[in-house]
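Inspection log for the structure reproduced underneath, given as structure tokens.
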Amino acid sequence: MKHIAIGILGVATLGLMASAASAGTLDTVKAKGFIQCGVSTGLAGFSAPDDKGDWQGIDADFCRAVAAAVFGDGTKVKFTPLSAKERFTALQSGEVDILSRNTTWTINRDTALGLNFIGTTYYDGQGFMINAKKLPGVNSALQLSGAAVCVQSGTTTELNLADYFKANKMEYNPVVFEKLEEVNAAYDAGRCDVYTTDQSGLYGIRLTLGSPADHVVLPEIISKEPLGPAVRQGDDQWYHIVKWTYFALLDAEELGITKANVDEMKNSASPEIKRVLGQEADTKIGTDLGVSNDWVVNIVKATGNYGEMFDRNVGSGSPLKIARGINALWTKGGLQYAPPIR
Amino acid sequence: MASQEILREEPSRGSFVNDPRIRSLFFQTLVVVLLFGSIWWIVQNVIDNLQRLHIASGFGFLKGRAGFDISDTPIAYTSDSTYGRAIVVGLINTIIVAAAGIITATIIGFIIGIGRLSQNWLIQKICTVYVEIFRNIPPLLVIFFWYSGVLAVLPAPRDSYHLPFGSFLNQRGFYFPRPVWGDGSWLILVALVVGIAMSWFVARRARQRQMATGQQFPVFWTSAALIVGLPLLAYVLSGFPLTFDLPKQSTFNLTGGFQVKPEFLSLYLALSCYTAAFIAEIVRAGIRGVSKGQTEAAAALGLRSGSILRLVVVPQAMRIVIPPLTSQYLNLTKNSSLAIAIGYPDLTATAGTVLNQTGQAVEGVLIMMIAYLILSLVTSAVMNVVNSRMALVER
Numbered sequence: 000m001k002h003i004a005i006g007i008l009g010v011a012t013l014g015l016m017a018s019a020a021s022a023g024t025l026d027t028v029k030a031k032g033f034i035q036c037g038v039s040t041g042l043a044g045f046s047a048p049d050d051k052g053d054w055q056g057i058d059a060d061f062c063r064a065v066a067a068a069v070f071g072d073g074t075k076v077k078f079t080p081l082s083a084k085e086r087f088t089a090l091q092s093g094e095v096d097i098l099s100r101n102t103t104w105t106i107n108r109d110t111a112l113g114l115n116f117i118g119t120t121y122y123d124g125q126g127f128m129i130n131a132k133k134l135p136g137v138n139s140a141l142q143l144s145g146a147a148v149c150v151q152s153g154t155t156t157e158l159n160l161a162d163y164f165k166a167n168k169m170e171y172n173p174v175v176f177e178k179l180e181e182v183n184a185a186y187d188a189g190r191c192d193v194y195t196t197d198q199s200g201l202y203g204i205r206l207t208l209g210s211p212a213d214h215v216v217l218p219e220i221i222s223k224e225p226l227g228p229a230v231r232q233g234d235d236q237w238y239h240i241v242k243w244t245y246f247a248l249l250d251a252e253e254l255g256i257t258k259a260n261v262d263e264m265k266n267s268a269s270p271e272i273k274r275v276l277g278q279e280a281d282t283k284i285g286t287d288l289g290v291s292n293d294w295v296v297n298i299v300k301a302t303g304n305y306g307e308m309f310d311r312n313v314g315s316g317s318p319l320k321i322a323r324g325i326n327a328l329w330t331k332g333g334l335q336y337a338p339p340i341r
Numbered sequence: 000m001a002s003q004e005i006l007r008e009e010p011s012r013g014s015f016v017n018d019p020r021i022r023s024l025f026f027q028t029l030v031v032v033l034l035f036g037s038i039w040w041i042v043q044n045v046i047d048n049l050q051r052l053h054i055a056s057g058f059g060f061l062k063g064r065a066g067f068d069i070s071d072t073p074i075a076y077t078s079d080s081t082y083g084r085a086i087v088v089g090l091i092n093t094i095i096v097a098a099a100g101i102i103t104a105t106i107i108g109f110i111i112g113i114g115r116l117s118q119n120w121l122i123q124k125i126c127t128v129y130v131e132i133f134r135n136i137p138p139l140l141v142i143f144f145w146y147s148g149v150l151a152v153l154p155a156p157r158d159s160y161h162l163p164f165g166s167f168l169n170q171r172g173f174y175f176p177r178p179v180w181g182d183g184s185w186l187i188l189v190a191l192v193v194g195i196a197m198s199w200f201v202a203r204r205a206r207q208r209q210m211a212t213g214q215q216f217p218v219f220w221t222s223a224a225l226i227v228g229l230p231l232l233a234y235v236l237s238g239f240p241l242t243f244d245l246p247k248q249s250t251f252n253l254t255g256g257f258q259v260k261p262e263f264l265s266l267y268l269a270l271s272c273y274t275a276a277f278i279a280e281i282v283r284a285g286i287r288g289v290s291k292g293q294t295e296a297a298a299a300l301g302l303r304s305g306s307i308l309r310l311v312v313v314p315q316a317m318r319i320v321i322p323p324l325t326s327q328y329l330n331l332t333k334n335s336s337l338a339i340a341i342g343y344p345d346l347t348a349t350a351g352t353v354l355n356q357t358g359q360a361v362e363g364v365l366i367m368m369i370a371y372l373i374l375s376l377v378t379s380a381v382m383n384v385v386n387s388r389m390a391l392v393e394r
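Right, dumping it as structure tokens:
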């Protein structure tokens with residue numbers, strides 16, 4: 000229903016937008032005074048409203064970081080919850096400025112869909128979860144032939160699932176829903192035997208089930224799921240701001256700049272830290288990007304560095320307790336690596 | 000000068016600005032130009048904006064590999080099939096649930112509608128309560144009621160309800176034995192066709208005889224014997240070629256047999272129950288619309304109450320019933336798109352998935368709109384034919 004409404008809205012918007020003059024996203028965002036951020040309809044650790052209705056999670060915080068870079072104020076964000084099916088149309092039609100919604104970066108989305116992914120904020124892979132109490136003895140995904148599998152429609156997960164079962168010559172019954180909550184409810188009610196999505200998602204979803212201890216995540220990871228924010232194609236300035244916000248979060252962690260010490264760090268003896276924080280004389284790094292020169296200070300003050308964001312939302316400081324693993328910095332054996340700010 | 004000639008021929012109306020024919024021509028031209036102008040402008044803008052946003056367009060994507068699986072596939076479909084075929088699968092699923100729903104809704108609707116006019120107090124009240132409940136609840140809630148309220152609370156596959164004839168009911172759906180046609184089973188099919196043809200022939204002869212002599216013939220029992228008896232005879236003669244594949248317990252689910260999934264069941268039941276309430280009211284209005292004198296005249300001729308209803312009242316009521324019935328059939332077909340809420344792979348669901356996997360929003364929505372439009376137009380056309388057959392033949 001809703002995705003058709005958005006589809007029609009998209010058609011209407013595309014139809015009615017003045018084709019000749021279109022202002023850049025940065026100017027539009029500054030004019031309206033906030034960033035419209037597309038998030039999920041509720042995935043613990045990534046983007047989910049807390050008991051006060053504030054959006055929490057690594058994806059929601061990323062939008063706050065961009066708002067801090069643009070406005071110097073991380074609260075100037077409005078969130079639009081989007082189902083997997085609605086998300087691309089919403090970004091294409093200009094309903095949201097950033098899509099920060101645990102979305103997998105693929106070539107098709109980068110090219111034919113008219114999006115630009117800015118990087119990988121979370122390296123993930125697809126896994127399976129089963130109810131170990133109802134299915135004793137199943138401890139590998141290769142034992143799942145004949146199972147009913149719950150999956151969200153319009154995702155790469157749905158495609159990987161088909162590929163994996165086909166490659167291993169196994170059969171399955173897909174049970175497909177549009178909304179995450181519908182998939183959760185169906186799995187919890189026993190409509191299907193197996194739940195498949197990104198492993199980080201499975202850990203988050205397990206916490207919301209009736210009896211989390213009964214459910215186990217199987218060891219197999221069947222795909223690469225680099226999750227990251229995306230923007231529309233054709234606006235290089237906005238693309239660079241969002242992309243360098245991500246790099247700034249990583250560089251801040253690498254240089255040891257945290258939410259607590261960012262003000263002290265401004266007077267650091269290290270020229271690199273001073274440069275990153277915009278304390279160099281006559282610096283133009285921020286203004287060349289289209290934001291103020293103390294943009295990194297604003298970002299770190301709003302959300303902390305990447306490591307703090309990770310720990311708070313999905314890592315050791317959260318109920319999910321996911322290890323950093325491949326999401327650690329390159330200096331600590333992980334894959335997170337940012338080009339230098341200079 | 001043509002206009003001057005016309006002006007000379009007709010009584011003068013003063014300036015041509017006041018000429019009603021020229022005025023109407025002018026305004027009609029203006030409206031047409033504005034209408035097509037704005038359509039052209041919108042289409043042109045869509046094309047421009049799609050190019051500006053670097054979004055691929057066109058219908059070439061329909062030939063691409065779909066890559067996703069669909070739970071209910073009435074025609075052969077795998078993840079290797081094309082996006083176009085995925086949409087066709089969805090369309091067929093929509094047609095299946097709509098057709099099944101229309102038949103069931105009509106049957107329930109007629110029973111309830113006639114029941115509301117019953118002299119029996121209990122039957123009348125039950126039918127009234129039915130109509131008031133289902134007519135006043137949104138169809139989406141009726142679907143959720145069946146899906147989450149009735150079918151989801153059934154036992155897990157291991158503790159299925161065992162029903163007669165080797166069928167099972169559990170939260171994964173309704174399982175029943177699937178017939179396996181062996182060698183020589185074509186004879187059974189032939190016998191069935193012959194049985195139906197002979198029944199039709201018998202019914203025709205019986206009517207001719209009744210018209211000519213007034214004598215009646217037990218058409219119903221003869222037809223039943225022919226349609227059931229002949230295939231049974233063929234089954235025995237051809238050496239029992241028909242066997243049944245029974246549902247069996249496996250690791251996860253029941254395998255074998257034929258499975259009707261809960262998504263289909265709940266959508267089908269919900270649409271049938273919901274639309275039946277409206278059909279019941281239409282039927283009641285139709286019967287009420289037949290003048291009471293008709294019933295009294297029929298009774299005076301000595302017809303029994305069943306025959307009065309069947310031969311006098313219902314045929315006349317049908318003329319009133321069919322046009323609004325058509326609207327209800329169209330509503331049911333369109334309401335089937337609510338399937339998306341419970342994950343039945345209808346046209347909206349599969350085309351929506353294709354739309355999302357390919358990002359072709361404009362084309363995807365266009366395909367859906369055209370498909371529903373064609374379905375509705377076909378339904379209307381069929382009902383118009385039925386209506387013209389039923390209409391009063393005026394002499």
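As they're listed, the protein sequences go chains A and E.
Under numbering that gives the first Met the number 0, residues 0 to 341 are what the first sequence spells out, in order.
Under numbering that gives the first Met the number 0, residues 0 to 394 are what the second sequence spells out, in order.
Every residue, glycine too, gets a C-beta built ideally from N, C-alpha and C.
Within the region 363-392 of chain E, no complete beta strand (DSSP E) segment of 3 residues or longer occurs. If you check the CB distance, A:Ile-321 and A:Tyr-122 do not come in under 7 Å. Contact residues of the region 191-208 of chain E toward chain A are absent (C-beta to C-beta distance below 7 Å). With respect to the 7 Å criterion, A:Ile-298 and A:Ala-68 are classified as neighbours on the basis of their beta carbons. With a 10 Å radius around the Cβ and a threshold of 16 neighbouring Cβ atoms, A:Thr-155 comes out buried. Fully contained in the region 211-253 of chain E are the following beta strand (DSSP E) runs of length 3 or more, in chain order: 241-244. DSSP places E:Pro-322 in the helix class (H, G or I) of the three-state scheme. A contact between stretches requires three or more CB pairs, one per stretch, nearer than 8 Å, and the region 105-122 of chain E meets this requirement with the region 262-282 of chain E. Spanning the alpha carbons of A:Asn-115 and A:Thr-102 requires a straight line of approximately 12 Å.
Annotation: E:His-161 has no Cβ neighbours in chain A at a cutoff of 8 Å; minimum Cβ distance is about 19 Å. A:Ala-59 places its beta carbon 7 Å or farther from that of A:Leu-206. Per DSSP, A:Glu-157 is one residue of the alpha helix (DSSP H) stretching across 155-166.
Counting every other CB atom within 10 Å of its CB across the protein chains shown gives E:Arg-287 a total below 16, marking it as exposed.
Taken through DSSP and simplified to helix, strand or coil, E:Leu-188 comes out as helix. Assignment of beta-bridge partners to A:Asp-197 by DSSP yields A:Gln-125. When only Cα atoms are considered, A:Gln-278 and A:Pro-80 end up about 38 Å apart. Rounded to the nearest whole angstrom, the C-alpha separation of E:Phe-219 and E:Ser-304 is 19 Å. The C-beta of E:Phe-67 comes closer than 7 Å to at least one C-beta of chain A. The Cβ of E:Leu-270 sits no closer than 7 Å to any Cβ of chain A. Under the DSSP assignment, E:Cys-126 falls in the alpha helix (DSSP H) whose first and last residues are 120-134.
Taking a contact as a CB-CB distance under 8 Å, the pair A:Gly-113 and E:Ile-41 does not count as one, their CB atoms being some 20 Å apart. Annotation: Cβ neighbours of E:Asn-252 in chain A (cutoff 9 Å, chain order): Gly-145, Ala-146, Ala-147, Asn-172 and Asp-192. Sequence-ordered contacts of the region 130-157 of chain E with chain A read Ala-151 and Ala-155 [C-beta pairs closer than 7 Å]. Rounded to whole angstroms, A:Ala-147 and E:Ser-147 show a C-alpha spacing of 18 Å. Per DSSP, A:Lys-300 is one residue of the alpha helix (DSSP H) stretching across 294-302.
Distances from the alpha-carbon of E:Gln-356 to those of E:Leu-232, E:Ala-65, E:Gly-342 and E:Val-189 put E:Ala-65 closest. Annotation: E:Ala-360 to A:Gln-335 spans about 34 Å, alpha carbon to alpha carbon. Bridge partners of A:Glu-224 according to DSSP: A:Asp-123. Rounded to whole angstroms, the gap between the alpha carbons of A:Val-28 and A:Phe-87 is 19 Å. Judged by their CB atoms, E:Val-320 and E:Gly-285 are nearer to each other than the 7 Å cut-off. Rounded to the nearest whole angstrom, the C-alpha separation of E:Ser-271 and E:Gln-123 is 20 Å. When the alpha-carbon of E:Ala-380 is set against those of E:Gly-342, E:Leu-331, E:Ser-326 and E:Leu-337, the nearest one is in E:Ser-326. For A:Lys-84, the nearest CB of chain E lies under 7 Å from its own CB, placing it at the interface with that chain. Contact of A:Thr-156 with chain E is not assigned, every C-beta pair being separated by 7 Å or more.
Among the residues facing chain A, E:Asn-386 is not included, as its CB has no counterpart in that chain under 7 Å away.
When Cβ-Cβ separations below 7 Å define contact, A:Ala-188 makes contact with chain E.
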